[in-house]
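Q:
Residue numbers (full-length UniProt numbering): 1 to 325.
#1: Does the Cβ of residue 5 have 16 or more other Cβ atoms within 10 Å, making it buried, or fewer, making it exposed?
#2: Under the assumption that residue 203 contacts residue 31 (Cβ atoms under 8 Å), give the Cβ distance between them as a whole number of angstroms.
#3: Exposed or buried, what is residue 223 when buried is set at 16 or more other beta-carbons lying within 10 Å of its beta-carbon?
#4: Please report how far the alpha carbon of residue 69 lies from the alpha carbon of residue 62, in whole angstroms.
#5: What are the complete alpha helix (DSSP H) segments, minimum 4 residues, inside the segment 215-242?
#6: Taking 9 Å as the cut-off, decide whether the C-beta atoms of residue 49 and residue 232 are in contact.
#7: Determine the burial state of residue 179: buried for a count of at least 16 other Cβ atoms within 10 Å of its Cβ, exposed for fewer.
#8: In terms of residue numbering, what span does the alpha helix (DSSP H) encompassing residue 91 cover?
#9: Straight-line CA distance for residue 290 to residue 280?
#10: Measuring CA to CA, which of 141, 167, 132 is closest to residue 116?
#11: Measure how close the beta-carbons of residue 292 and residue 143 come, nearest whole angstrom, since I'm counting them as under 8 Å.
#12: By the three-class DSSP mapping on this structure, what secondary structure does residue 213 have?
#13: Which residue from 275, 265, 254 puts its Cα closest to that of residue 298?
#14: Give the range of the alpha helix (DSSP H) segment to which residue 170 is assigned.
#15: When you compare only the Cα positions, how much space is there between residue 54 and residue 221?
#16: Pop quiz: residue 195 and residue 91 are said to be a contact at Cβ under 8 Å. What is the actual Cβ separation, rounded to whole angstroms?
#17: According to DSSP, is residue 53 helix, strand or coil?
#18: Could you give the distance in angstroms between the alpha-carbon of residue 321 and the alpha-carbon of residue 120?
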């Protein structure tokens with residue numbers, strides 16, 4: 001008789017794993033291609049894109065709550081003062097992250113956006129040490145040191161601190177940290193809707209101010225432009241749903257490795273499609289960051305196998321070392 005403890009995964013588990021890989025590749029592939037979407041939204045400014053993205057994302061989330069019959073859970077969320085405060089902070093952080101990312105990709109700085117999401121796992125690990133007092137393994141410490149060296153080299157030899165990259169990495173790092181405090185108590189869709197609802201009033205104020213200055217392009221650039229902006233809510237929600245499906249089927253370590261698909265896609269777009277400059281010092285900086293990523297991957301391979309992420313936790317956070325723009 002075969003010992004179940006030593007036998008390999010059965011057909012059902014293999015099927016789930018294959019589906020998880022497919023969902024994960026699709027989610028991070030979409031996030032990697034987002035710069036193309038933001039570029040075709042011209043002449044909309046980054047402020048209009050982000051403000052409308054927030055508003056339309058809330059509409060999509062509310063529809064999804066209705067379909068999944070989760071409206072009651074969403075309403076109960078507002079009885080939890082600590083969760084409301086945490087989701088408000090999370091909403092502000094993710095809005096700042098979206099704005100930085102949109103500014104980067106619409107002003108010819110997609111490479112800096114890519115670098116930010118390569119650095120993000122290092123920031124998440126560093127926050128785990130500083131805030132959660134986690135203990136790191138030697139390879140993790142080495143990866144952080146190499147990543148810090150990369151930033152120094154870019155600042156000294158390239159002539160400018162990569163503020164956009166650091167801003168993206170730290171806003172999402174803190175976002176994941178805040179979300180980890182409420183992610184275990186509520187389903188991912190409920191918390192996503194909650195944080196989006198908290199910042200929607202700010203988004204509406206931004207839309208009103210832009211409209212008063214004649215800077216709203218939603219209805220002035222034709223039907224195609226209108227539909228593209230309208231689809232921002234769907235483009236935000238769909239990869240999150242795909243990610244949730246992947247996280248429910250794959251170990252955390254595997255999902256953590258899939259995250260690099262997005263910045264790799266952004267890097268390829270920046271170099272081959274947008275033709276952004278890559279002088280030698282920038283290659284050195286990126287090379288060191290990639291070395292840090294390789295060290296993290298090696299550490300993840302050598303570490304004990306992580307469990308699958310429960311469905312109610314299927315949302316990016318510091319424990320899963322991933323990010324989404």
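Heads up, the beta-carbon is just placed ideally off N, CA and C, and yes, glycines get one too.
A: On the basis of the data shown:
#1: Low local confidence applies: a pLDDT of 46 at residue 5 is under 50, so the model's placement there is unreliable, and no value is given.
#2: Not quite, the Cβ-Cβ distance comes to about 21 Å (not below 8 Å), so this is no contact.
#3: exposed
#4: 10 Å
#5: Counting only runs of 4+ residues, the alpha helix (DSSP H) found wholly inside the segment 215-242 occupies 223-230, in chain order.
#6: yes
#7: buried
#8: 81-106
#9: Computed Cα separation, rounded: 15 Å.
#10: 167
#11: 4 Å
#12: coil
#13: 254
#14: From DSSP, the alpha helix (DSSP H) with residue 170 extends over 163-182.
#15: 20 Å
#16: Contact flag correct, Cβ pair sits at about 4 Å.
#17: helix
#18: Its pLDDT being 41, under 50, residue 321 is placed unreliably in this model, and the value from its coordinates should be taken loosely. Each residue's alpha carbon lies about 8 Å from the other.
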